[in-house]
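Colleague:
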Amino acid sequence: MPDYDAAMTRACAELQQRILADPTYRMSILTDPRDLHRALFAEFTPSGYTEYAGTYRGTVGTSLEGRRMGAPQIFDLKKSFAFEEPQKVTAALDFMLSEVRRELVPARAATPYVQLLTLTHLFCWFGKIHPFLDGNGHVQRALFAAAAAELEVPLASRFAIHPRPFDRLLAWPLERFTIAKPDQREHFLAMVAEYLSSWLAGPFDRPASGIAP
332 MPDYDAAMTR ACAELQQRIL ADPTYRMSIL TDPRDLHRAL FAEFTPSGYT EYAGTYRGTV
392 GTSLEGRRMG APQIFDLKKS FAFEEPQKVT AALDFMLSEV RRELVPARAA TPYVQLLTLT
452 HLFCWFGKIH PFLDGNGHVQ RALFAAAAAE LEVPLASRFA IHPRPFDRLL AWPLERFTIA
512 KPDQREHFLA MVAEYLSSWL AGPFDRPASG IAP
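Here the sequence shown is numbered in my numbering, starting from 332 and rising by one per residue.
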């Protein structure tokens, strides 16, 4: 097996360049990210489990058919939270991505903060669904880059698909968004948006650009 960090650093740098240069590819992964996931992770799957790369949790007839996923809460390790139920993953992700593609059209002419909210919606909901067994963060950041490119918002130099460019400061509001009741999600969405604005350049180089006007 190749060195994971070196191989992933190289592959993700190439991926980011392709995302920025190829609008057809951008829209293809914003429609269905399974081929992207397979391309990144096929060489790292365990022997006998090739379906771990490029297959959604809940896919009938695979070892992921009933695969539930969760994680311990950041500030209370005795508690955990769950991502989307496996049988709902495909429909939930397809719906979310279709909504994002629809939102991208008016967002191209919107204010920077509205554009940021569109990107944050994609980022938060992908994390909440967590469609793959592993590698969700890489795909999540690739889709963020693709949507930003569609909006012609440049990425900041601190952004990367690999290595992961964040830790608890972003992970906590993402966790809270995932487990929040619907009427409470907006607060955590705004917190995530404020952080994600640091991954963007152009209009987001200005003071307070990641905060609601």
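Glycine included, C-beta positions come from ideal geometry on N, C-alpha and C.
What would DSSP say about P504, mapped onto helix, strand or coil?
Modeller: Looking up residue 504 in the sequence shown gives position 173. Helix, per DSSP.
Colleague: Can you have a look at I492 and say buried or exposed, based on whether 16 or more other CB atoms are within 10 angstroms of its CB?
Modeller: Within the sequence shown, numbered from 1, the residue matching residue 492 stands at position 161. Result: buried.
Colleague: Could you check the C-alpha separation between A413 and L395 for me, to the nearest Å?
Modeller: One-based indexing of the sequence shown puts residue 413 at position 82. One-based indexing of the sequence shown puts residue 395 at position 64. For A413 and L395, the distance between alpha carbons rounds to 16 Å.
Colleague: Please state the DSSP three-state secondary structure of L361.
Modeller: For the purposes of this step, residue 361 is identified with residue 30 of the sequence shown, where counting begins at 1. Reduced to three states, the DSSP call for L361 is coil.
Colleague: Start and end of the alpha helix (DSSP H) containing L482?
Modeller: Numbered from its first residue, the sequence shown carries residue 482 at position 151. L482 -> no alpha helix (DSSP H), and no H or E assigned at all.
Colleague: Looking at the structure shown, is D498 part of a helix, part of a strand, or coil, going by DSSP?
Modeller: Within the sequence shown, residue 498 is the residue found at index 167, counting from 1. Looking at D498 - three-state DSSP - the assignment turns out to be coil, as it is neither helix nor strand.
Colleague: Are three or more beta carbon pairs between the stretch 373-384 and the stretch 416-425 nearer than 8 Å?
Modeller: No, the stretch 373-384 is not in contact with the stretch 416-425.
Colleague: Could you give the uninterrupted runs of the beta strand (DSSP E) lying entirely in the stretch 397-480, keeping only those of 3 residues or more?
Modeller: If we require 3 residues or more, the beta strand (DSSP E) runs fully inside the stretch 397-480 come out as 401-404, 407-413.
Colleague: Tell whether a beta-carbon distance below 8 Å holds between A478 and L351.
Modeller: Walking along the sequence shown from the start, residue 478 turns up at place 147. Walking along the sequence shown from the start, residue 351 turns up at place 20. Against a cut-off of 8 Å, the Cβ pair of L351 and A478 comes out as no contact.
Colleague: What do you get for P417, buried or exposed, if any count of 16 or more other CB atoms within 10 angstroms of its CB means buried?
Modeller: Indexing the sequence shown from 1 puts residue 417 at position 86. The residue in question, P417, is buried, as its Cβ has 16 or more Cβ neighbours within 10 Å.
Colleague: Cβ atoms of V523 and F457: under 8 Å apart, would you say?
Modeller: If you number the sequence shown from 1, residue 457 lands on position 126. If you number the sequence shown from 1, residue 523 lands on position 192. No, the Cβ-Cβ distance between F457 and V523 is not below 8 Å.
Colleague: Starting from the Cα of S540, find the closest Cα among A438, M358, L448 and give me that residue.
Modeller: For the purposes of this step, residue 540 is identified with residue 209 of the sequence shown, where counting begins at 1. Of the listed residues, the one whose Cα sits closest to S540 is L448.
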